[in-house]
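Let me begin by presenting the structure, written as C-alpha cells, before commenting on it.
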Amino acid sequence: MTVFEKELKRIFEKEALFADARYVGNCCYVRLTDQIRAKISFETGMMANQYDRMRVALINRNEGIIDSMVVKFSDLWGYKRINAASSPINPHIWKDGQSVSWYGYRPGNAEYRQLAEAVEDYMGMFQEPVQEQAMGQKLC
Numbered sequence: 006m007t008v009f010e011k012e013l014k015r016i017f018e019k020e021a022l023f024a025d026a027r028y029v030g031n032c033c034y035v036r037l038t039d040q041i042r043a044k045i046s047f048e049t050g051m052m053a054n055q056y057d058r059m060r061v062a063l064i065n066r067n068e069g070i071i072d073s074m075v076v077k078f079s080d081l082w083g084y085k086r087i088n089a090a091s092s093p094i095n096p097h098i099w100k101d102g103q104s105v106s107w108y109g110y111r112p113g114n115a116e117y118r119q120l121a122e123a124v125e126d127y128m129g130m131f132q133e134p135v136q137e138q139a140m141g142q143k144l145c
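Residue numbers (the working numbering): 6 to 145.
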C-alpha cells in the first residue's frame with residue numbers, strides 16, 4: 006500500500022459511507038448507488054511534487070464522470086506554521102523521489118475529520134434518499 010493509499014485510509018476508514026471503500030492505485034473508490042461511484046485522490050496544484058488538495062470525481066458506470074470537486078487543504082485548514090519563527094506554509098504531501106510524506110505540518114485527527122466531512126457532504130448530494138418510517142406510525 007502506498008503512502009497516498011495509507012493517508013486516504015487514515016482519513017476515511019472511520020466513516021460509515023466508506024465502509025466498503027477500496028484503496029487502489031493512490032485512489033479511494035466508494036460505491037454511492039448502483040450506478041454512481043466516487044473516486045477520491047490527492048492532487049497537485051502549481052507544484053508538480055506538492056499534493057495540496059484532494060479531488061473527488063463522481064463517475065456514472067455508463068456515462069463516465071458526472072461531476073467533480075477539489076478541496077484545497079489551505080482552504081479547509083488555513084496556512085500552518087511549523088514553528089513560531091517560520092512563515093506559514095500551505096499544508097501538502099511532498100513527493101521527493103521515492104520519499105513521500107507530509108511537509109512540515111502533519112494534520113491531526115481533527116483535520117482528517119474535517120476533510121472527511123467536507124468530502125462526505127459533497128458525495129451525499131448524489132446518494133439515493135433514505136426513506137424512514139416514524140416509530141409507531143400506522144400505515145393505512
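The beta-carbon is built from N, C-alpha and C at its ideal position, and this holds for glycine as well.
The beta carbon of Gln-119 sits closer than 8 Å to those of Leu-81, Trp-82, all from its chain and outside the five residues before and after it, given in chain order. Around the beta-carbon of Asp-57, 16 or more other beta-carbon atoms lie within 10 Å, marking it buried. Going by DSSP, Asn-65 is part of the beta strand (DSSP E) stretching over 55 to 65.
Taking the Cβ atoms as the reference, Arg-15 lies roughly 6 Å from Tyr-117, within the contact range of under 8 Å. The DSSP assignment places 78 to 82 as complete runs of the alpha helix (DSSP H) inside the stretch 60 to 118, in order along the chain (cut-off: 4 residues).
The C-alpha of Ala-26 lies about 15 Å from the C-alpha of Ile-64. Nearest Cα to Glu-10 within the set Glu-122, Tyr-110, Asn-95, Phe-47: Phe-47. Sequence-distant partners of Cys-32 (beyond 5 residues in either direction) whose C-beta falls short of 6 Å from its own C-beta, in its chain, are Lys-44, Ser-46. Around the beta carbon of Pro-93, fewer than 16 other beta carbons sit within 10 angstroms, so the residue counts as exposed. Per DSSP, Lys-44 is one residue of the beta strand (DSSP E) stretching across 41 to 49. Between Ser-79 and Arg-60, the C-beta spacing is not below 8 Å.
Within the DSSP secondary-structure output, Tyr-34 pairs in a beta bridge with Arg-27, Lys-44.
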